[in-house]
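Visitor: Just passing along the structure, written as structure tokens.
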Amino acid sequence: MKVKVLFFGATADETGEREIEVSLAKNTKANEALAEILEKFPRLGEHKLLFAVNQEYANGAEFIKDGDELAVFTAVSGG
Amino acid sequence: MKVKVLFFGATADETGEREIEVSLAKNTKANEALAEILEKFPRLGEHKLLFAVNQEYANGAEFIKDGDELAVFTAVSGG
Amino acid sequence: MTNDFYEITGEPLNVGEIARRIVPENCGATVTLDGYVRQFTKGRETLHLVYEAYEPMALKEMSKLIEQAHKKFEIENVGVVHRLGKLKIGETSVVISVAAPHRRAAFEACEWLIKELKRTVPIWKKEVFADGELWIEGDSQTENAKAEAEFKIFDV
Amino acid sequence: MTNDFYEITGEPLNVGEIARRIVPENCGATVTLDGYVRQFTKGRETLHLVYEAYEPMALKEMSKLIEQAHKKFEIENVGVVHRLGKLKIGETSVVISVAAPHRRAAFEACEWLIKELKRTVPIWKKEVFADGELWIEGDSQTENAKAEAEFKIFDV
């Protein structure tokens, strides 16, 4: 299955990407998906990361579905 | 000695005055001055009053001097 | 150097303009209290309000409050502006704006300033209803009680 | 019926206009937090800032915060507006305005909303200095620690 992965701010700078498509095996969990993304972009590992699935914060246990929108970003700093 | 007495809001309505001149004996204290004012305008007694001498809140023990500016008003309600 | 101001005016108040005037270069947050005329008080409809002040004393008391606020809280600038005269429903009667390096102090100082202003600054509000009008005496039961504890209220 | 709004915009923010939009007929006070670009952070001079958002998620999170605020506090209306893009020194980055029948609730809700916005809404700030630039990661040590406790931070 294919998912979209978004990067913002520091993670967009580290990866040089703002949006990529990633192929995942069926029944992949959020934490496994993140591990695959980190394999592609090891420098992301230098940051404390937050991870969202379909615009909701993920705790890692969620099952990813085909077409999901994932996002990897650093701790927020708005305000 | 002569002093100026100011009224505002409810006390101006009760007395029908905004500013009067009052003659006081020498060495009159603030609470005595207020008592004299109340004698002139007994309906002021229906209100809880605050009293200022020269634009400072008075506790009653202050000695009034010639030319002082006294003010009699109800609990404030700005804001 | 602080950049405080305190004013009494008969003109309409512009909340944003007041908040902007106290923004210092090294601060991160401004907290602003904007008080305005309610249409209904305990179910009774207010047509408009009239504010009156003992102006020179009110300005002195406002100045004292700002001075005390600087001692109590780590704040940079304070602006306090109160409107006088006839106010329509929804019009702003008072604006208090506080800028501070840390927002916690700005929130605390702003809340303290409005509480103290309502207790100590000689300004009075008259509510005008369809069937009469009433000078409001004191902000509320609670705050009246506090006023009595500190000033002498002459209850004859 | 509340009259809340939450927005993300590239346009300059008008604090007074935002505060005005939430004024209801039966409320007496609005509290507004106005956050803006500091010139100096820990002694280093910031030339300007750039804010970026994960916009659809940021709007969802803002909507959730407003919903939670209505449950936690007795408030009437809330307005939250965050600016994006390049901001000059002194320009407002965020405005949070809360109207309530009693000012205590407005102060509490406004302070809670800015704290939570800085912790949960996916918006990031880049500080641009004369000699480089830096994406800020998390609001502060303290608030980061709180974020970790609630969301899972993936520290690989």
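Going down the list, the sequences are from chains A, B, C and D. Under our numbering, the first residue of the first sequence carries the number 6, and numbering increases by one thereafter. Under our numbering, the first residue of the second sequence carries the number 6, and numbering increases by one thereafter. Under our numbering, the first residue of the third sequence carries the number 104, and numbering increases by one thereafter. Under our numbering, the first residue of the fourth sequence carries the number 104, and numbering increases by one thereafter. From the three backbone atoms N, C-alpha and C, an ideal C-beta is built for every residue, glycine too.
Using DSSP bridges, identify the partner residues of C/Y139.
Guide: The residue labelled residue 139 of chain C in the question sits at position 36 within the third sequence. DSSP lists C/T195 as partners of C/Y139.
Visitor: Measuring only the C-alpha atoms, how far is C/F257 from D/K175?
Guide: Position 154 of the third sequence, counted from the start, is the residue given in the question as residue 257 of chain C. Position 72 of the fourth sequence, counted from the start, is the residue given in the question as residue 175 of chain D. Near 41 Å, if we compare the C-alpha coordinates of D/K175 and C/F257.
Visitor: I'd like to know if C/F143 contacts chain D, where contact means its C-beta is closer than 9 Å to some C-beta of that chain.
Guide: Counting from 1 along the third sequence, the entry for residue 143 of chain C is found at position 40. Yes, C/F143 counts as interfacial toward chain D.
Visitor: Tell me the residue span of the alpha helix (DSSP H) that contains B/E3.
Guide: The requested residue 3 of chain B is not part of the displayed model; chain B covers only 6 to 84.
Visitor: Using the Cα positions of B/E74 and C/E158, report the straight-line distance between them to the nearest angstrom.
Guide: Sequence index remark: in the second sequence, residue 74 of chain B carries index 69 (1-based). Sequence index remark: in the third sequence, residue 158 of chain C carries index 55 (1-based). Rounded to the nearest angstrom, the two C-alpha atoms are 13 Å apart.
Visitor: Would you grab the beta carbon distance between A/G65 and A/A30 for me? Rounded to a whole angstrom, and I think it's under 8 Å.
Guide: On the first sequence, residue 65 of chain A is found 60 positions in, with the first residue counted as 1. On the first sequence, residue 30 of chain A is found 25 positions in, with the first residue counted as 1. Not quite, the Cβ-Cβ distance comes to about 16 Å (not below 8 Å), so this is no contact.
Visitor: Compare the C-beta of D/Y109 with all C-beta atoms of chain A and state if any pair is closer than 9 Å.
Guide: Walking along the fourth sequence from the start, residue 109 of chain D turns up at place 6. D/Y109 does not count as touching chain A.
Visitor: When Cβ atoms are compared, which residues of the stretch 69 to 83 of chain B fall closer than 7 Å to chain C?
Guide: The residues in question are A76, F78, T79, A80, V81, S82, G83.
Visitor: Is the beta carbon of D/D107 closer than 9 Å to that of C/T135?
Guide: In the third sequence, the residue the question calls residue 135 of chain C occupies position 32. In the fourth sequence, the residue the question calls residue 107 of chain D occupies position 4. No, Cβ-Cβ distance for C/T135 and D/D107 is not below 9 Å.
Visitor: Can you check which of these residues, D/P127, D/S200, D/E114, D/R141, is closest to C/N129 by C-alpha distance?
Guide: Residue 129 of chain C sits at position 26 when you count from the first residue of the third sequence. Among D/P127, D/S200, D/E114, D/R141, the Cα nearest to that of C/N129 is on D/R141.
Visitor: Taking beta-carbon pairs under 7 Å, can you tell me which members of the stretch 197 to 213 of chain D lie near chain A?
Guide: Against chain A - using a Cβ distance shorter than 7 Å - the residues of the stretch 197 to 213 of chain D are V197.
Visitor: In angstroms with no decimal places, state the Cα-to-Cα distance between D/K218 and A/V58.
Guide: Numbered from 1 along the fourth sequence, position 115 holds the residue referred to as residue 218 of chain D. Numbered from 1 along the first sequence, position 53 holds the residue referred to as residue 58 of chain A. About 24 Å.
Visitor: Would you kindly report the start and end of the unbroken beta strand (DSSP E) that includes C/G182?
Guide: Your numbering for residue 182 of chain C matches position 79 in the third sequence. Element bounds for C/G182: 180 to 186.
Visitor: Spell out whether any CB of chain A is found under 9 Å from the CB atom of D/I121.
Guide: Translated into positions along the fourth sequence, residue 121 of chain D becomes position 18. Not closer than 9 Å to any Cβ of chain A, the Cβ of D/I121 fails to qualify, so no.
Visitor: Kindly identify the DSSP beta-bridge partner or partners of B/F68.
Guide: Stepping through the second sequence from its first residue, residue 68 of chain B is reached at position 63. Paired residues: B/K34.
Visitor: I want to see whether chain B comes within less than 9 Å of C/T223, judged by CB atoms only; does it?
Guide: Stepping through the third sequence from its first residue, residue 223 of chain C is reached at position 120. Chain B, which has a Cβ nearer than 9 Å to the Cβ of C/T223, makes this yes.
Visitor: Suppose contacts are defined by Cβ-Cβ distances below 9 Å. Is D/E214 in contact with C/R207 by that definition?
Guide: Reading the fourth sequence from its first residue, position 111 is the one you call residue 214 of chain D. Reading the third sequence from its first residue, position 104 is the one you call residue 207 of chain C. Contact: yes.
Visitor: Flag this pair as yes or no: are the beta carbons of C/L237 and C/R186 separated by less than 9 Å?
Guide: Within the third sequence, numbered from 1, the residue matching residue 237 of chain C stands at position 134. Within the third sequence, numbered from 1, the residue matching residue 186 of chain C stands at position 83. Result no, Cβ atoms of C/L237 and C/R186 do not sit closer than 9 Å.
Visitor: Runs of 3 residues minimum, wholly inside the stretch 193 to 242 of chain D: which ones carry the beta strand (DSSP E) assignment?
Guide: The stretch 193 to 242 of chain D contains these whole beta strand (DSSP E) runs: 195 to 203, 226 to 232, 235 to 238.
Visitor: Are the Cβ atoms of A/A15 and A/F78 separated by less than 9 Å?
Guide: Residue numbering aside, residue 15 of chain A sits at position 10 when the first sequence is read from its first letter. Residue numbering aside, residue 78 of chain A sits at position 73 when the first sequence is read from its first letter. Yes, Cβ-Cβ distance for A/A15 and A/F78 is below 9 Å.
Visitor: Identify the contact partners of B/A57 in chain C, using a Cβ-Cβ distance below 9 Å as the criterion.
Guide: Residue numbering aside, residue 57 of chain B sits at position 52 when the second sequence is read from its first letter. Correct list: Y157, M160, P225.
Visitor: Using C-beta distances below 7 Å, list every residue in its chain close to A/D71, excluding the 5 sequence neighbours before and after it, in chain order.
Guide: By 1-based counting over the first sequence, the position of residue 71 of chain A is 66. So the qualifying residues of the chain are M6, K7.
Visitor: Would a check of beta-carbon distances place A/F46 closer than 9 Å to chain D?
Guide: Along the first sequence, read from residue 1 onward, the residue named residue 46 of chain A stands at position 41. No, because no Cβ of chain D sits closer than 9 Å to the Cβ of A/F46.
Visitor: C/H205: buried (16+ other C-beta within 10 angstroms of its C-beta) or exposed?
Guide: As a working note, residue 205 of chain C is residue 102 in the third sequence. Classification of C/H205: exposed, given that the 10 Å Cβ count is below 16.
Visitor: Are there 16 or more other CB atoms within 10 angstroms of the CB of D/E177, so buried, or fewer, so exposed?
Guide: Against the fourth sequence, residue 177 of chain D aligns to sequence position 74. With fewer than 16 other Cβ atoms within 10 Å, it is exposed.
Visitor: Is the shortest distance between the beta-carbon of B/K53 and the beta-carbons of chain C less than 9 Å?
Guide: Your numbering for residue 53 of chain B matches position 48 in the second sequence. Output row for B/K53: interface = yes.
Visitor: Using a cut-off of 9 Å between C-beta atoms, extract the partners of A/L29 located in chain D.
Guide: Taking the first residue of the first sequence as 1, we reach residue 29 of chain A at position 24. Those within 9 Å of A/L29 in chain D number zero; the least Cβ separation is about 17 Å.
Visitor: Just grab the DSSP bridge partners of D/H151 for me.
Guide: Numbered from its first residue, the fourth sequence carries residue 151 of chain D at position 48. In the DSSP output, where bridge partners are listed per residue, D/H151 has D/K191, D/V231.
Visitor: With distances taken Cα to Cα, identify the nearest neighbour of B/K9 among B/A80, B/I69, B/G83.
Guide: Your numbering for residue 9 of chain B matches position 4 in the second sequence. It is B/I69 whose Cα lies nearest to the Cα of B/K9.
Visitor: Give the residues from the stretch 232 to 243 of chain C that approach chain B closer than 7 Å (Cβ to any Cβ), ordered along the chain.
Guide: Hits within the stretch, in order: W238, I239, E240, G241, D242.
Visitor: Let me know if C/F232 comes out buried or exposed under the rule of 16 or more other beta-carbons within 10 Å of its beta-carbon.
Guide: Taking the first residue of the third sequence as 1, we reach residue 232 of chain C at position 129. C/F232 is exposed by the Cβ-count criterion.
Visitor: Cβ of A/A40 within 9 Å of Cβ of D/P225?
Guide: As a position in the first sequence, residue 40 of chain A is number 35, starting the count at 1. As a position in the fourth sequence, residue 225 of chain D is number 122, starting the count at 1. Against a cut-off of 9 Å, the Cβ pair of D/P225 and A/A40 comes out as no contact.
Visitor: How is D/T245 classed by DSSP in three states: helix, strand or coil?
Guide: Residue mapping note: residue 245 of chain D aligns to position 142 of the fourth sequence, counting from 1. No answer about D/T245 holds up, because its pLDDT of 47 lies below 50 and its placement is not dependable.
Visitor: List the residues that DSSP assigns as beta-bridge partners of D/A156.
Guide: For the purposes of this step, residue 156 of chain D is taken as residue 53 along the fourth sequence, with counting starting at 1. DSSP lists D/I226 as partners of D/A156.
Visitor: Using the beta-carbon of each residue, which ones in chain D are nearer than 8 Å to A/A38?
Guide: Locating residue 38 of chain A in the first sequence gives position 33, where the first residue counts as 1. Within chain D, no residue comes near A/A38; the closest Cβ sits about 11 Å away, beyond 8 Å.
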